[in-house]
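Line by line, the protein sequences give chains Z and B.
Numbering of the first sequence is given in our numbering, commencing with residue 5 and proceeding in unit increments.
Numbering of the second sequence is given in our numbering, commencing with residue 20 and proceeding in unit increments.
Even for Gly, the Cβ is constructed at its ideal location relative to N, Cα and C.
In what follows, a structure is listed as structure tokens, so that the remarks can point back to it.
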Amino acid sequence: MTRFDYVRPSTVAEAVGLLEAHGDDALAIAGGTATVLLLQKRMLRPELVVDLGGLPGLTGVEQNGGGLRIGALTPIRAIERDAIVRGTHHLLAEAASQVAGVRVRNAATVGGSVCFGEPQTDLPPALLAMNATATIAGSQGSRDVPLEEFFLGPYETAREQGEVLTHLSVPTPVPGSGGCHVKFTMGSPENKPVANVSALVTVDASTRALADVRIVMGAVGGVPMLAHKANDTLKGERPSDALIAQAAVRASEEADPVEDLRGSVWYKRRIIKVLVERALRCAIERAN
Amino acid sequence: MQLELTLNGKTERREIAPHHTLLDVLRDDFNLKGTKGYCHSGVCGACTVLLDGKPISACIMLASQTQGKSITTVEGLAEGENLHPVQRAFVENFGLQCGYCTPGMLLLTVALLEENPEPSKEEIVDYLGGNICRCTGYANILKSVQAAAALVKEASL
Numbered sequence: 005m006t007r008f009d010y011v012r013p014s015t016v017a018e019a020v021g022l023l024e025a026h027g028d029d030a031l032a033i034a035g036g037t038a039t040v041l042l043l044q045k046r047m048l049r050p051e052l053v054v055d056l057g058g059l060p061g062l063t064g065v066e067q068n069g070g071g072l073r074i075g076a077l078t079p080i081r082a083i084e085r086d087a088i089v090r091g092t093h094h095l096l097a098e099a100a101s102q103v104a105g106v107r108v109r110n111a112a113t114v115g116g117s118v119c120f121g122e123p124q125t126d127l128p129p130a131l132l133a134m135n136a137t138a139t140i141a142g143s144q145g146s147r148d149v150p151l152e153e154f155f156l157g158p159y160e161t162a163r164e165q166g167e168v169l170t171h172l173s174v175p176t177p178v179p180g181s182g183g184c185h186v187k188f189t190m191g192s193p194e195n196k197p198v199a200n201v202s203a204l205v206t207v208d209a210s211t212r213a214l215a216d217v218r219i220v221m222g223a224v225g226g227v228p229m230l231a232h233k234a235n236d237t238l239k240g241e242r243p244s245d246a247l248i249a250q251a252a253v254r255a256s257e258e259a260d261p262v263e264d265l266r267g268s269v270w271y272k273r274r275i276i277k278v279l280v281e282r283a284l285r286c287a288i289e290r291a292n
Numbered sequence: 020m021q022l023e024l025t026l027n028g029k030t031e032r033r034e035i036a037p038h039h040t041l042l043d044v045l046r047d048d049f050n051l052k053g054t055k056g057y058c059h060s061g062v063c064g065a066c067t068v069l070l071d072g073k074p075i076s077a078c079i080m081l082a083s084q085t086q087g088k089s090i091t092t093v094e095g096l097a098e099g100e101n102l103h104p105v106q107r108a109f110v111e112n113f114g115l116q117c118g119y120c121t122p123g124m125l126l127l128t129v130a131l132l133e134e135n136p137e138p139s140k141e142e143i144v145d146y147l148g149g150n151i152c153r154c155t156g157y158a159n160i161l162k163s164v165q166a167a168a169a170l171v172k173e174a175s176l
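Here's what the structure looks like:
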């Protein structure tokens with residue numbers, strides 16, 4: 005690691021001020037599981053590390069109007085185990101339980117996972133499928149950014165250098181909804197995904213048609229992607245094996261994977277097709 | 020910078036370099052060599068310690084991040100000559116060969132049994148699965164964890 009100064013601000017305003025004043029020379033860290041690794045490998049060489057871990061009031065999950073308010077510093081492991089999340093936002097708990105191993109999940113935070121902007125991880129697709137909104141504090145006050153507009157590219161998000169993500173708001177799915185997160189890895193389940201899929205569907209109680217479908221594909225593009233064509237294929241229709249297969253093919257065409265150590269483009273398209281089918285079947289079953 | 024933390028139950032203060040990891044500081048500043056470094060990427064689990072009772076990888080956390088917190092290393096498990104029940108279970112069930120992964124396995128087991136005193140085989144595998152034993156002694160590690168669950172339960176009765 006290269007040398008750096010370290011500061012642990014005790015208010016969001018102080019953190020914002022430090023990040024703004026030091027610009028690109030500063031690195032904000034939360035749990036540090038991703039960032040300290042990059043510091044160790046000297047891929048990041050900041051002059052100042054701003055540890056957000058001591059900011060008060062940003063840890064925990066509370067019910068808020070029509071959904072959950074999740075503090076950015078809530079450990080991923082806490083999301084996985086939280087009774088409220090497991091009850092109303094099961095998809096999120098399921099995705100959280102699939103992030104790396106238990107040691108990483110205890111230290112890594114929800115906000116850190118979102119702000120790191122890594123394409124190969126599990127929480128962002130689930131949060132996007134659930135239509136979450138990020139609240140970001142800056143020197144001019146707070147702004148809300150829907151996750152659909154938050155992820156800009158690999159390791160690139162709408163959070164500016166002088167800003168701090170404070171919490172995520174995640175609406176409660178309407179009755180008749182079911183969600184499912186599936187992940188495929190090379191080797192052990194702790195590995196980063198070759199691809200993953202979060203699906204949230206709503207089944208109309210009287211017609212049995214799919215009133216809403218949000219399939220999100222992860223690790224097969226620079227950002228987690230809504231499978232728009234697949235979603236449109238399914239919306240308003242009663243699900244059948246043929247329709248699910250057709251949607252999965254559309255999703256694999258929409259996917260934009262790159263070749264890396266986890267597989268070729270050809271391979272990842274085939275994996276994503278199978279994952280979309282699995283996630284859909286599982287989500288529809290849970291909705292019924 | 021001045022680091023103050025509770026280390027194996029005792030309050031400790033030490034002047035540390037802000038860019039050193041918790042693993043570096045435990046081994047080099049506190050001379051606690053039980054915590055091992057191997058992959059230095061948070062993958063293998065050799066450096067597992069407990070932060071406020073929960074297992075984390077000491078190689079991907081800055082020591083500075085533990086300011087005011089409580090850390091338990093393998094040195095904090097035994098009381099003098101009396102081994103912790105989890106340590107006893109590993110000894111009695113040959114749950115170690117070369118021993119390099121053992122501190123991490125022990126601490127992970129302590130945390131698992133704290134969360135879930137009667138884990139199923141699948142729950143044990145899921146919880147410990149991220150920690151790698153390069154001797155591949157997994158069968159006896161699993162046996163040791165099952166025996167540890169029984170010993171811990173007995174000790175708490």
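Nearest in C-alpha terms to Z/L77, of all of Z/V168, Z/P179, Z/G182, is Z/V168.
Within chain Z, no residue has its beta carbon less than 7 Å from that of B/K55; the closest one is some 14 Å off. The Cβ of Z/S192 sits closer than 8 Å to at least one Cβ of chain B.
For B/G148, the chain Z residues whose Cβ falls inside 8 Å of its Cβ are G105, S192, P193, E194, in order along the chain. Rounded to whole angstroms, B/G118 and B/G64 show a C-alpha spacing of 13 Å. Within the region 105-129 of chain Z, the residues whose Cβ lies closer than 7 Å to any Cβ of chain B are, in chain order, G105, V106, R107, V108, N110, A111. Here Z/D9 has E51, L52, V53 as same chain residues with Cβ atoms under 8 Å from its own Cβ, once five neighbours each way along the sequence are excluded. The beta carbon of Z/A19 is closer than 8 Å to those of P13, A32, V54, L56, L59, V168 in its chain, skipping five residues each way along the sequence. For the pair of segments examined, the region 44-53 of chain B was found to touch the region 90-104 of chain B: the number of CB pairs separated by less than 8 Å reaches three.
The distance from the Cβ of Z/M190 to that of Z/V198 is about 6 Å, consistent with a contact at the 8 Å cut-off. No residue range can be given for Z/Q165, since it is assigned to no beta strand (DSSP E) and is classified by DSSP as neither H nor E.
Classified as exposed, B/F113 has fewer than 16 neighbouring CB atoms from the shown chains inside 10 Å of its CB.
Straight-line measurement puts the Cα of B/K88 at about 5 Å from the Cα of B/L24. B/V164 carries a helical assignment under DSSP once its states are collapsed to helix, strand and coil. Considering only Z/S256, Z/G145, Z/R282, the residue with the shortest C-alpha distance to Z/W270 is Z/S256.
Rounded to the nearest whole angstrom, the C-alpha separation of Z/V11 and B/Y146 is 33 Å.
Counting of Cβ neighbours within 10 angstroms places B/C154 among the exposed residues, the total staying below 16.
If you draw a straight line from the Cα of Z/Q165 to the Cα of Z/D29, it is about 10 Å long. Counting only runs of 4+ residues, the alpha helix (DSSP H) found wholly inside the region 27-111 of chain B occupies 104-111, in chain order. At least 8 Å separates the beta-carbon of B/L69 from that of B/G56. A residue is called buried when at least 16 other Cβ atoms come within 10 angstroms of its Cβ; Z/R109 meets this threshold and is buried. Along the region 240-281 of chain Z, the alpha helix (DSSP H) occurs as fully enclosed runs of 4 or more residues at 245-258, listed in sequence order. Within chain Z, the residues Q44 have their CB atoms less than 8 Å from the CB of B/H59, given in chain order. With fewer than 16 other CB atoms across the displayed protein chains lying within 10 angstroms of its CB, B/Q21 is exposed. Going by beta carbons, Z/R212 and Z/R242 fall inside the 8 Å limit. Contact annotation: in the region 164-176 of chain Z, no residue has its CB less than 9 Å from a CB in chain B. Interface with chain Z (8 Å Cβ-Cβ cutoff): B/M124 is excluded. Following the DSSP letters along the chain, one finds Z/A141 inside the beta strand (DSSP E) bounded by residues 137-142. Bounds of any beta strand (DSSP E) do not take in Z/N235; it lies within the alpha helix (DSSP H) bounded by 232-238. In the structure shown, Z/H93 adopts coil according to DSSP, grouped into three states. Contact of Z/M5 with chain B by beta-carbon distance below 8 Å involves H38, H39, T40. B/T25 is bridged by DSSP to B/T30, B/S89. A straight line joining the alpha-carbon of B/E141 with that of B/I160 spans about 13 Å. With its beta carbon less than 8 Å from one in chain Z, B/P74 belongs to the interface. For Z/C184 against Z/A287, the beta-carbon gap comes to about 4 Å, under 8 Å, which counts as contact.
By DSSP's assignment, Z/A30 forms a beta bridge with Z/L52.
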